[in-house]
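Okay, so the sequence shown: first residue is 6 according to our numbering, each after it adds one.
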Amino acid sequence: MDALILLGSFIVLILLGMPVAYALGLSALIGAWYIDIPLQAMMIQVAGGVNKFSLLAIPFFVLAGAIMAEGGMSRRLVAFAGVLVGFVRGGLSLVNIMASTFFGAISGSSVADTASVGSVLIPEMERKGYPREFSTAVTVSGSVQALLTPPSHNSVLYSLAAGGTVSIASLFMAGVMPGLLLSAVMMGLCLVFAKKRNYPKGEVIPLRQALKIAGEALWGLMAMVIILGGILSGVFTATESAAVAVVWSFFVTMFIYRDYKWRDLPKLMHRTVRTISIVMILIGFAASFGYVMTLMQIPSKITTAFLTLSDNRYVILMCINFMLLLLGTVMDMAPLILILTPILLPVITGIGVDPVHFGMIMLVNLGIGLITPPVGAVLFVGSAIGKVSIESTVKALLPFYLALFLVLMAVTYIPAISLWLPSVVL
Numbered sequence: 006m007d008a009l010i011l012l013g014s015f016i017v018l019i020l021l022g023m024p025v026a027y028a029l030g031l032s033a034l035i036g037a038w039y040i041d042i043p044l045q046a047m048m049i050q051v052a053g054g055v056n057k058f059s060l061l062a063i064p065f066f067v068l069a070g071a072i073m074a075e076g077g078m079s080r081r082l083v084a085f086a087g088v089l090v091g092f093v094r095g096g097l098s099l100v101n102i103m104a105s106t107f108f109g110a111i112s113g114s115s116v117a118d119t120a121s122v123g124s125v126l127i128p129e130m131e132r133k134g135y136p137r138e139f140s141t142a143v144t145v146s147g148s149v150q151a152l153l154t155p156p157s158h159n160s161v162l163y164s165l166a167a168g169g170t171v172s173i174a175s176l177f178m179a180g181v182m183p184g185l186l187l188s189a190v191m192m193g194l195c196l197v198f199a200k201k202r203n204y205p206k207g208e209v210i211p212l213r214q215a216l217k218i219a220g221e222a223l224w225g226l227m228a229m230v231i232i233l234g235g236i237l238s239g240v241f242t243a244t245e246s247a248a249v250a251v252v253w254s255f256f257v258t259m260f261i262y263r264d265y266k267w268r269d270l271p272k273l274m275h276r277t278v279r280t281i282s283i284v285m286i287l288i289g290f291a292a293s294f295g296y297v298m299t300l301m302q303i304p305s306k307i308t309t310a311f312l313t314l315s316d317n318r319y320v321i322l323m324c325i326n327f328m329l330l331l332l333g334t335v336m337d338m339a340p341l342i343l344i345l346t347p348i349l350l351p352v353i354t355g356i357g358v359d360p361v362h363f364g365m366i367m368l369v370n371l372g373i374g375l376i377t378p379p380v381g382a383v384l385f386v387g388s389a390i391g392k393v394s395i396e397s398t399v400k401a402l403l404p405f406y407l408a409l410f411l412v413l414m415a416v417t418y419i420p421a422i423s424l425w426l427p428s429v430v431l
């Protein structure tokens with residue numbers, strides 16, 4: 006009955022249109038009142054939930070991504086991708102995916118990826134003869150890899166939700182191979198469409214111009230080298246790397262590229278602070294919600310329910326996948342990570358699945374949710390930038406959904422895709 010009170014009140018508040026963060030906090034208070042927990046204890050949980058050193062990575066990475074997205078870095082990365090793959094048939098669609106690979110490995114944000122790469126490439130692809138719906142679908146689906154490749158702040162959230170028992174550095178390394186696999190599958194699909202629909206070839210860029218483009222893009226790509234190199238060499242932690250990313254992105258944007266105006270910086274900072282405050286409120290209330298769930302023994306009850314359903318890890322993983330895919334379509338990614346990780350972690354450890362591996366499974370699942378109606382945030386951003394309806398974009402996305410599902414199955418049932426690199430470099 007206590008679980009019904011907690012989860013039922015949360016669902017009712019969501020259905021009434023209350024923001025997720027406040028629904029979490031209020032339902033936690035209702036649950037605490039029902040099981041007679043002092044409100045002071047709840048306030049301590051809220052404060053303790055945001056009073057963690059590792060959380061500093063989130064505002065820093067968000068700020069670094071915002072600076073990179075608006076400072077001309079995305080345009081240069083698109084040009085560099087064009088040098089590498091733009092000359093083949095359907096080259097601009099490949100450029101789109103590769104640019105997302107580069108930019109996602111710097112910003113760690115699918116929304117920033119879609120907004121920055123899409124604003125450059127969707128009009129250009131249409132001008133070259135690609136359908137606008139297809140261009141938008143390529144942009145939206147390609148941006149999912151930003152959730153996997155470092156420095157993904159969703160990996161930081163997963164580590165936090167796991168109680169700090171999962172290393173952020175391990176999660177960063179674990180996301181590299183799934184991200185590259187997703188990129189390769191998407192590019193393969195784009196090549197199939199290019200041949201079938203006779204999309205245009207790009208032009209080979211002259212060597213001198215290609216070297217100039219590569220030189221300009223190198224400053225942006227160095228951010229990825231600095232972040233990963235610093236973590237792997239032990240010069241700084243994953244959290245400290247976020248601060249270094251901000252300094253580097255600021256230096257490159259304001260002193261190397263010099264496309265961004267100093268007078269626009271306060272507006273950028275204001276937007277970043279608004280975003281971060283929403284995330285921090287969510288984290289604090291999610292901590293109190295998780296505390297009440299633990300007292301009600303909800304995680305252990307759900308673990309028992311899953312193990313009663315089957316003792317086969319593959320069956321349980323498939324059930325969890327379908328549950329995550331379904332929930333990802335109706336709720337945003339961050340609250341789902343914070344709510345579901347404490348619930349599902351005992352289940353997956355009970356069947357012998359590595360928590361780092363499960364982190365990648367969760368991120369791929371919820372990443373698909375971000376581009377799926379009815380509440381896919383990245384889908385809405387892509388449709389707005391592409392100036393096409395949600396329905397048209399979803400229709401164009403259907404083959405990409407299938408490709409993403411195949412990637413999800415590979416990540417789920419081949420643990421080495423996620424665990425090989427961390428075992429080698431850490």
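Where is the CB? At the ideal position from N, CA and C, for every residue including glycine.
Asked	Found
Beta-carbon gap between residue 26 and residue 15 smaller than 8 Å	no
Where the alpha helix (DSSP H) through residue 335 begins and ends	No alpha helix (DSSP H) contains residue 335, which DSSP labels as neither H nor E.
Contact set for residue 134: own chain, Cβ-Cβ below 6 Å, skip 5 residues either direction	205
Close-in-space but distant-in-sequence residues of the same chain around residue 143 (CB under 6 Å, 5 per side omitted)	98, 101
Segment contact, 8 Å Cβ cut-off, at least three pairs: the region 75–85 with the region 117–128	yes
Same chain, Cβ closer than 8 Å to residue 277, five either side skipped, listed in chain order	64, 67, 68, 71
Endpoints, the alpha helix (DSSP H) within which residue 271 is located	270–300
Endpoints, alpha helix (DSSP H) assigned at residue 51	44–55
Residue 150 versus residue 369 - alpha carbon distance	8 Å
Under the three-state DSSP convention, the category residue 263 falls into	coil
Closest Cα partner of residue 423 within the set 342, 365, 267	365
Whole-angstrom distance between residue 181 and residue 107, CA atom to CA atom	12 Å
Supposed contact pair residue 96 and residue 434 - C-beta distance, whole angstroms, cut 8 Å	Given that the chain is displayed from residue 6 to residue 431, the structure contains no residue 434 and the question cannot be resolved.
7 Å CB neighbourhood of residue 195 in its chain, flanking five on each side removed	95, 98, 99, 102, 143
Test item: CB-CB of residue 401 and residue 141 under 8 Å	yes
Close-in-space but distant-in-sequence residues of the same chain around residue 51 (CB under 7 Å, 5 per side omitted)	289, 290, 292, 293
Rounded distance between the beta-carbons of residue 218 and residue 88, thought under 8 Å	5 Å
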